[in-house]
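Student: Heads up: the protein sequence lines correspond to chains A and B, in order. Just so we're aligned: 649 in this note's numbering is position 77 of the first sequence, and the numbers increase by one with no gaps anywhere. Just so we're aligned: 145 in this note's numbering is position 147 of the second sequence, and the numbers increase by one with no gaps anywhere. Idealized CB from N, CA, C, for every residue including glycine. Nothing here was measured: the structure is a model prediction, and the numbers come from that model. One structure, pasted below without further comment.
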Amino acid sequence: MQQPVTASTTIRARGRHSRSPAIWLLLPTLISMVTLVLYPLVRGFYTSLTTSFFLSNQAVFAGFKNYASLLHNPVFWTVVWHGLVWTVGVVLGQLVLGFVGALILNQPVKGQALFQSITFIPWIMPGVAAGLLWSLMYDPTFGLVGNIQHLLGLSSTAYLSNIHTSMAAVILAAIWKGTPFTILMMVAGLQTVDTAVIEAARIDGASWFKVIRHAVIPQVAPVLRTTALFITVWTFNYFDMIYVMTNGGPVNSTQIFPTYVYQLAFGQLDYGLGTAAGILSLVVVGIIAAFFIVELSRQGALD
Amino acid sequence: MSVAMVLKRGSQYLWVLLLMAFFVTPLIWMVSTSFKSAGQIYTANGPFFPTHWTLQNYHVAFATGLGRMFLNSTIVAVSTTVVSLLFAVLSSYAVSRIMFRGRRMILVSMILSQLIPLSVLIVPIYQIMAQLNLLDQFPSLVIAYLTFSIPVAVWFLRSFFLSVPAEIEEAARVDGCSLFQAFIRVVIPLIVPGLAATGIYVFVTVWQELMFAITFLTTPGKYTLPAGVILFIGQHGTNFGAVMAAATVMSIPPSILFLLMQKRLISGFASAGGIK
């Protein structure tokens, strides 16, 4: 979709004149990143080492006390587990449905472009709006989900207030909201697929499934990997929908890192404990980030 | 058409229909509920579409301050977009076009800063804003939003800069333009569509931001849409109709902007993710 990137797109720095413009051009961005990301990170790490007292500005250095109390708290481990279930559930759901959706929307049907556009609305709409919509959809008496189940002769329950169904319910809502991104990325990826390979496989009598598995997926693998990395980070860090739908409840059954951190810091007003939980969640993000960097440098996106 | 062809076509449309049903039905339900009277909403297994349409829910929503929230969101989102684009267009050009030591490190740090959970940054940024006496004011939100909007914009714009052949710029330099003149007169006009796509993406992300907004803003008259609509739910928790009206209203601007820029946004994402 973009023109191939070649070495000639970069003006090589020559002599002492050429380095200075880069510095000046970068300066506003660098200053804001240092003051808005780096400094807060360092400051946040310091805060995580302090204990503050309710309604007082006094923060006392406490070493790793907050970390120790988190690691000894069963709720913290519940949050770790839920973060994993939530992220894996949402990402797998989005990838599978997104890939199948892309295959469907890549077919030459009338109105293809229009269908692709409409499908994208759940992704582009605010998370708050989607969260409110799904809260009402799950309403046991007046919601659409219950109505549909009634129509099919099934019984329904208050999915969001039942600890056994709440996680599945928010995951389904997040799959609905996020899948369009995967669909559009994969539609773009499918357009780069070499159809000759597919034709050859067809002529050899390969089944539809085998064609997809051996001729299509290998060709779109880089797109699939990048998309997977994007949505994994987004999902792990996603706050809005769960906050609106369940606020981590009932009984922490949908509590994930962002809602937990927020609840500790701004619900219980324990900044030290909240930032400590946030810093611990960075470990997971760091692992995903490492994959991200490796993948992008393999694709030459950092050259 | 042969029978096999008809069957194939038919199954293609059937799959499209199924897919659309999953994604579009909730949206239609949201809009249709916003036009229903209370009587039709609070009926077990009530009608999917309103039997008679009413604007009552929109009246309630706007009477509770939806218009003001819409304006606040617009102010915050537009300011953030303008500042991020100004900063990002310069630095993105630098990391896309100029070879210098540390360039790769800057690219990597731009990616890393996008991955940092906002929940980690919110406490320190909140404390900084409190010290600067900026809480409950729009600048605190705009500044906080730059943490994610600048890196995204740099990374997004880079793909558009890379698609402009360097020869065009070199030709301008040969014709006697300074680096700055070549940038303003030759490169910028070529990436206007990219700037628009990047701007729309930043706008849409800021438009829906919830966590900072509910934390920083305390005066109801200053609430942005996500914060205000949540508050509004707190007060009118059972008014489904008004809630759906608010959800519909706040979804309209991003949807329209997306439709305008769909192709470029996707190509921005695709190349931001290394797809060529």
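1. Could you please give the first and the last residue of the uninterrupted alpha helix (DSSP H) stretch that includes S30 of chain B?
2. Out of B:I114, B:R7 and B:F85, state which residue places its alpha-carbon closest to the alpha-carbon of V609 of chain A.
3. Bridge partners of S624 of chain A, per DSSP?
4. Alpha carbon to alpha carbon, how far is A332 of chain B from T799 of chain A?
5. Quick check on Y710 of chain A - is its C-beta less than 8 angstroms from some C-beta in chain B?
6. In three-state DSSP terms, what is I96 of chain B?
7. How many angstroms separate the CA atom of G635 of chain A from the CA atom of L110 of chain B?
8. Is there a C-beta anywhere in chain B that falls below 8 angstroms from the one on M817 of chain A?
9. Could you tell me whether any non-hydrogen atom of the ligand NAD is closer than 7 angstroms to the CB of S869 of chain A?
10. State buried or exposed for D875 of chain A, treating a residue as buried only when at least 16 other CB atoms are found within 10 Å of its CB.
11. Suppose you measure from the CA of L53 of chain B to the CA of Q206 of chain B; what does that come to, to the nearest Å?
12. Just checking my contact of V14 of chain B with V681 of chain A at CB under 8 angstroms: how many whole Å lie between their CB atoms?
13. Apart from the five residues on each side of it in sequence, which residues of its chain come closer than 7 angstroms, Cβ to Cβ, to Q835 of chain A?
14. With distances taken between CB atoms, is the gap from R262 of chain B to G197 of chain B smaller than 8 angstroms?
15. Contact criterion: CB-CB distance below 8 angstroms. Does T78 of chain B meet it with respect to chain A?
16. Below 8 angstroms between beta carbons: does that hold for L705 of chain A and M28 of chain B?
17. So the alpha helix (DSSP H) A837 of chain A belongs to, where does it begin and stop?
18. Return helix, strand or coil for I189 of chain B, following the three-state DSSP convention.
19. Following the continuous alpha helix (DSSP H) through E165 of chain B, name the residue where it begins and the one where it ends.
20. T754 of chain A: which of A:T818, A:T804 and A:F648 sits nearest, CA to CA?
21. Take I182 of chain B as the anchor and find which of B:L88, B:L257 and B:V241 has the nearest alpha-carbon.
22. Note the first and the last residue of the continuous alpha helix (DSSP H) segment covering N43 of chain B.
23. By the three-class DSSP mapping on this structure, what secondary structure does E207 of chain B have?
24. From S689 of chain A to Q260 of chain B, what distance separates their C-alpha atoms?
25. Okay, do the segment 93 to 113 of chain B and the segment 863 to 870 of chain A touch, 3+ Cβ pairs below 8 angstroms being the bar?
26. Let me see if you follow: with CB-CB separation under 8 angstroms, is R102 of chain B close to chain A or not?
27. How big is the Cα-Cα spacing for F158 of chain B and R102 of chain B?
28. Which ranges would you report for the beta strand (DSSP E) in the segment 720 to 806 of chain A if only whole runs of at least 3 residues count?
29. For W658 of chain A, which residues in chain B fall below 8 angstroms Cβ to Cβ?
30. Determine whether the Cβ of I75 of chain B lies closer than 8 angstroms to any Cβ atom of chain A.
31. Out of curiosity, what's the CA-to-CA distance linking V76 of chain B and V783 of chain A?
32. Where V717 of chain A and V81 of chain B are concerned, what is the direct C-alpha to C-alpha distance, given to the nearest angstrom?
33. Residues in its own chain within less than 8 angstroms of G725 of chain A by CB, not counting five upstream and five downstream?
34. Is the number of C-beta pairs between the segment 825 to 844 of chain A and the segment 119 to 132 of chain B that are closer than 8 angstroms three or more?
35. Thinking just about the alpha-carbon of each residue, which of A:I595, A:Y618 and A:V606 is nearest to the one in A849 of chain A?
36. What are the boundary residues of the alpha helix (DSSP H) that A861 of chain A is part of?
Tutor: So, from the data block:
1. V1 to S32
2. Put simply, of B:I114, B:R7 and B:F85 the residue whose alpha carbon is nearest the alpha carbon of V609 of chain A is B:I114.
3. Per DSSP, the beta-bridge partners of S624 of chain A are A:A631.
4. Because chain B spans -1 through 274 in this model, residue 332 of chain B falls outside it and cannot be assessed.
5. no
6. strand
7. 27 angstroms
8. no
9. For the ligand NAD, the structure offers nothing, since it holds no ligand at all.
10. exposed
11. 25 angstroms
12. 6 angstroms
13. G820
14. no
15. No, no contact with chain A.
16. yes
17. Taken as a continuous stretch (DSSP letters only), A837 of chain A belongs to no alpha helix (DSSP H), as it is neither H nor E.
18. coil
19. A164 to V172
20. A:T804
21. Residue B:L88 is the option with its Cα nearest to I182 of chain B.
22. Per DSSP, N43 of chain B belongs to no alpha helix (DSSP H) and is neither H nor E.
23. Three-state DSSP puts E207 of chain B in coil, outside helix and strand.
24. 8 angstroms
25. yes
26. Cβ-Cβ to chain A under 8 angstroms: yes for R102 of chain B.
27. 18 angstroms
28. none
29. Going along chain B, no residue has its Cβ under 8 angstroms from W658 of chain A, so there is no contact; the nearest lies around 14 angstroms.
30. As written in the sequence, residue 75 of chain B is Ala, which differs from the Ile given in the question. Interface annotation, A75 of chain B: not in contact with chain A, CB-CB separation never under 8 angstroms.
31. Near 47 angstroms, if we compare the C-alpha coordinates of V783 of chain A and V76 of chain B.
32. Near 43 angstroms, if we compare the C-alpha coordinates of V81 of chain B and V717 of chain A.
33. none
34. yes
35. A:Y618
36. Y843 to R870
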